[in-house]
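Single-structure report; data block below.
Protein chains: 2
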Amino acid sequence: MKRYDQVAQALAQRIEQGQYRVGDRLPSVRALCRELGVSVSTAQEAYRRLEASGLAEARPRSGYYVLPRPTPSVLPKVSRPAQRPLDVSQWDQVLELVARAPEEDRLLMLGRGIPDLAAASLRPLQSQLATLHRHVAAHGLNYDSLPGSLELRRQIVRLADKSGCLLHPDDVLITTGCQEALSLALRTLTEPGDVVAVDSPSFYGTMQILKAHKLKALEIPTDPRTGISLEALELALEQWPIKAIQVTPTCNNPLGYTMPEARKQALVALAQRFDVAIVEDDIYGDLAFDTPRPRTLKSFDDDGRVLLCSAFSKTLVPGLRVGWMAPGRYRDQALHMKYVSTGASATLPQLAVAEFVQHGHYERHLREMVRQYRRHRDIMIDWVLRYFPPGTGVSYPQGGFLLWLELPGAVDCVRLNEQLMGEGLHITPGSLFSASGKFRHCLRLNYAAAMTPAVEAGLRHVGEAVAALLEQEVPA
Amino acid sequence: MKRYDQVAQALAQRIEQGQYRVGDRLPSVRALCRELGVSVSTAQEAYRRLEASGLAEARPRSGYYVLPRPTPSVLPKVSRPAQRPLDVSQWDQVLELVARAPEEDRLLMLGRGIPDLAAASLRPLQSQLATLHRHVAAHGLNYDSLPGSLELRRQIVRLADKSGCLLHPDDVLITTGCQEALSLALRTLTEPGDVVAVDSPSFYGTMQILKAHKLKALEIPTDPRTGISLEALELALEQWPIKAIQVTPTCNNPLGYTMPEARKQALVALAQRFDVAIVEDDIYGDLAFDTPRPRTLKSFDDDGRVLLCSAFSKTLVPGLRVGWMAPGRYRDQALHMKYVSTGASATLPQLAVAEFVQHGHYERHLREMVRQYRRHRDIMIDWVLRYFPPGTGVSYPQGGFLLWLELPGAVDCVRLNEQLMGEGLHITPGSLFSASGKFRHCLRLNYAAAMTPAVEAGLRHVGEAVAALLEQEVPA
Ligand SMILES: Cc1ncc(COP(=O)(O)O)c(C=O)c1O
Ligand SMILES: Cc1ncc(COP(=O)(O)O)c(C=O)c1O
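Sequences listed follow chains A and B, in order.
Numbered according to UniProt numbering, the first sequence terminates at residue 476, and the numbering increases by one at each position without gaps.
Numbered according to UniProt numbering, the second sequence terminates at residue 476, and the numbering increases by one at each position without gaps.
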């Protein structure tokens, strides 16, 4: 056995025995040389072997990290939604989720779409806000201009550059969260009765916009690795009078995929061919694990038909409600819709976010969060494989902090969640992500915050509850 | 001549000579006795004479104040809008108004709907906000519950009590400004093509909601002292399929009237008879000059058909975007509409406003502002009578900080404003307040902030510009 193979084997053993756990950084090459008395090239080769065996992965300028054990993990299946436009339901369950007051919540929330708010790299935001509120002159309390703070729009233009988008501050409207951006976009494009094509599963906030405005959802089959099926979408565009396509193509909520660039480009081309607008939700896009971050659909849009919607709710904090949109050729209508919906957005949160970005805190925070969320993804997948019944489908997120599970049997996750809530736990049932309540045997988890023993124990408990339900279900 | 008549005459002379100006407090009874060596009863009787002559008015627990000179002031005429539902226009002019960034503005803004943001009694709000942003735990950065902070809703319930409304915190939804409340209310009640009856003139923000959602405005004749004509409204209800009545019955924007209680009650009864919902905008209601403040329509609503909309934008500051609504029997639909429109409202501004109210700062601030705005009203009416051409109609606001002028001739206030803006001044043209651009010969002024010599000079300049335009217009 070659020396580097021996070293690789020793490392593999330590991982096996739990000395290094999933998501941990392995010793640096130099540290390994020192410890085992081997040459740099031997240590490097050992790591390459370890990587080839799927036990670890290299991260640029950072080192090697333990990957989830190569237990055969199953991806969720490609979705097969109904092939016709549907009215959206499921409001009661969404309401239960969003009506909760977080500070009163004594539940371990394993499912909500909330970033880690305890991150140290967020602190400058809080002190900037405090300072602004104390010291800014009266205009900080006054109405802002309708499109929003110019300084913030400038910073957003700078950030959009990294997703391949060339924008001008006049292309950008500040909104009250991404939810308002999505709502303005869809209300700008549609009238009651119109059909909107959506990926499936799809963020429930958008689905509920369709419901509130009497639009019909046409759910398109979606691949958990590559996103909305262009083939199925093309068929649908031929068959139905679709007014808009709504997708979350980068770090998708809930599936975590990022559509490959070529498919993004093809999606924009398809929309052009059928002369349909696209509402692109990019709220998780800056949390992609790859650098540079993936391009947006908007970056391929040469005739202004993509309405890009985003917010700082997932990358920074949701409670400030600072979002934005780049509505392309629909700017004038979107601006009118913005005025009538909420007037100008709140003034000082915009100034605080602008400062935070301008001083480099945003990019620093993103680097920290991406590192943390990627590590947490690996840990949580490992826990799921460990604690959930075999055959459970698990997404493999390319960014963000959400994990999607498909249970291997007809477990009803709405009832599962009711049971869990009695036990102090909360997961998000998959049925919220469908117009008609599909994905009842799926659930969403959140790995944003610290992966504590309490979270591990909670997840284990969920896995056991699932196993118990599956057993009851065994056919006679 | 009786001694008290001599004293009254002396005071009248001082007023005439400008020693006491409109809005000033006159010497107290005790001070007058000391100064002129008269008895308390003589001084009291002198003041009664002065009051009877219309030169001064008594304000409870405060003293006597100089009234505008009894130059015959003319009220604006009862409006005579078109007798059929119209599509709303005028967006370009509203946009020009709301797209301005206040901090960059070098204009003397004589027309915008902005309260005095320099008031000392606002300061606790700023320091509460600063403290909250620095010290509140992570939940302050998180999503709030969808209906909004329970503490704030409790305080709102307490305040609503003063307008005769018995509410429960569950009846209240926090919104992103009053604009969102109005938008949610109208979207909850209507579908494109529906007809909404409105007072006339009517706040342009609401008119633009109708435009954006393809609703038709049926403008109802409105009396500048008593509000929407119930007789005309009744005829309209018989003739048209009206889905909702939208009014601002207390401290109306722009006319300043408060509907008498009996008429408010009759309006609710009328809505009941025709089974129509009422969207009541009460954003200026707490700034009524009378105590206790007037009752809301909502206080007469016994079957939940009034959707009461308000905000802290005029009573405190607009830039926080804290509003609320009490949607009555439409609560569930309004809550859904709220969710899809902006999700939960921003968290910390709600907590800050709740604290501000809870600690009594709100009521203290209102007392200061009511006193200030009432004094400013008198001063500004005095200036208008002095500097505008005879025959100019002037509203007589019962609260708030907005004055409405009707010019005695076909002056086009849109063009007037363009001219003024070149000269560093801004007024709000009346045409913004009509679906179809009526009231072009009317304009709105703001008397919230300090009535400085610069404001007086600006207003004088506007008056002269109006006079010049009227002269050009003289028939051949
Ligand atoms: C995909 C997606 N879009 C939009 C939103 C709404 O974002 P915001 O909180 O900024 O309104 C969310 C939040 O959960 C989301 O997950
Ligand atoms: C009568 C009236 N209603 C509603 C609004 C909008 O208020 P907010 O700024 O709270 O959205 C205004 C503001 O100008 C107003 O004058």
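By construction, the Cβ of each residue, glycine as well, lies at the ideal position given by its N, Cα and C atoms.
A quick note: this is a predicted structure, and the numbers were derived from the prediction, not measured.
For residue i, does the count of other Cβ atoms within 10 angstroms reach 16, so buried, or fall short, so exposed?
i: Glu219(B); result: buried
i: Met207(A); result: buried
i: Arg61(B); result: exposed
i: Ser434(B); result: buried
i: Ala346(A); result: buried
i: Ala58(B); result: exposed
i: Gln126(B); result: buried
i: Asp161(B); result: exposed
i: Glu355(A); result: buried
i: Lys2(A); result: exposed
i: Lys77(B); result: exposed
i: Thr190(B); result: buried
i: Gly113(B); result: buried
i: Arg331(B); result: buried
Let me check one thing: in DSSP terms, what residues is residue i bridge-paired to?
i: Leu403(B); result: Leu445(B)
i: Ile242(A); result: Val195(A)
i: His426(B); result: Met109(B)
i: Val66(A); result: Ala56(A)
i: Arg25(B); result: Tyr65(B)
i: Trp324(A); result: Ile174(A), Ser310(A)
i: Lys216(B); result: Val195(B)
Express the C-alpha separation of residue j and residue i in angstroms, rounding to a whole number.
i: His168(B); j: Arg154(B); result: 8 Å
i: Arg197(A); j: Leu36(A); result: Correcting the residue identity first, residue 197(A) is Ala in this sequence and not Arg. Cα to Cα, the separation comes out at about 58 Å.
i: Val88(A); j: Asp382(A); result: 35 Å
i: Asp281(A); j: Gln398(A); result: 16 Å
i: Asp301(B); j: Lys216(B); result: 25 Å
i: Gln179(B); j: Leu97(B); result: 16 Å
i: Leu405(A); j: Ser395(A); result: 7 Å
i: Ala271(B); j: Ile278(B); result: 7 Å
i: Ala476(A); j: Met421(A); result: In this predicted model, Ala476(A) has a pLDDT of only 49, less than 50, meaning its place in the structure is not dependable enough to derive any value.
i: Arg329(A); j: Glu151(A); result: 22 Å
i: Val429(B); j: Gly437(B); result: Sequence inspection shows Pro at residue 429(B); the Val mentioned does not correspond to that position. Spanning the two alpha carbons is a distance of roughly 10 Å.
i: residue 484(B); j: Gly227(B); result: Limits of chain B in this structure are 1 at one end and 476 at the other, which puts residue 484(B) out of reach.
i: Arg305(A); j: Thr222(B); result: 44 Å
i: Ala52(B); j: Pro294(B); result: 26 Å
i: Pro224(A); j: Leu366(B); result: 57 Å
i: Arg100(B); j: Leu146(A); result: 7 Å
i: Ala348(B); j: Asp5(B); result: Residue identity differs from the one stated: residue 348(B) is Leu in this sequence, not Ala. If I take the Cα positions, the gap works out to 59 Å.
Determine whether the beta carbon atoms of residue i and residue j lie at a separation below 8 Å.
i: Ser341(B); j: Ser183(A); result: yes
i: Ile15(A); j: Val66(A); result: yes
i: Thr248(A); j: Phe203(A); result: yes
i: Phe289(B); j: Arg386(B); result: no
i: Leu237(B); j: Val276(B); result: yes
i: Phe401(A); j: Tyr447(A); result: yes
i: Arg263(B); j: Leu230(B); result: yes
i: Ser431(A); j: Gln83(A); result: no
i: Ala424(A); j: Arg106(A); result: This sequence places Gly at residue 424(A); Ala is not what is there. Yes, these two residues count as a Cβ contact at 8 Å.
i: Ala43(A); j: Leu50(A); result: no
i: Gly63(A); j: Arg34(A); result: no
i: Leu403(A); j: Leu445(A); result: yes
i: Arg440(A); j: Cys413(A); result: yes
i: His133(B); j: His133(A); result: yes
i: Ala467(A); j: Gln419(A); result: no
i: Pro327(B); j: Leu173(B); result: yes
i: Asp170(A); j: Ala344(A); result: no
Is residue i near ligand 3, in the sense that its beta carbon is under 7 Å from a heavy atom of that ligand?
i: Phe203(B); result: Among the ligands in the structure shown, ligand 3 does not appear; only ligand 1 and ligand 2 can be found there.
Where the stretch 140-170 of chain A meets chain E: residues whose CB sits under 9 Å from a CB there: Given the protein chain composition of this structure (A and B), no chain E is represented.
Taking only beta carbons into account, state which residues of the stretch 324-340 of chain B come closer than 8 Å to chain A, listed in chain order. Leu335, His336, Met337, Tyr339, Val340
With 8 Å as the C-beta to C-beta threshold (strictly closer), list the residues of the stretch 74-102 of chain B near chain A in chain order. Trp91, Val94, Leu95, Val98, Ala99, Arg100, Ala101, Pro102
Closer than 7 Å between beta carbons: that is the criterion. Which residues of the stretch 118-142 of chain A meet it against chain B? Ala118, Gln126, Ser127, Leu129, Ala130, His133, Arg134, Ala138, His139, Gly140, Leu141, Asn142
Members of the stretch 209-220 of chain A near chain B, C-beta cut-off 7 Å: Ile209, Ala212
Could you run through the stretch 259-287 of chain A and flag, in chain order, every residue whose CB is less than 8 Å away from some CB of chain B? none
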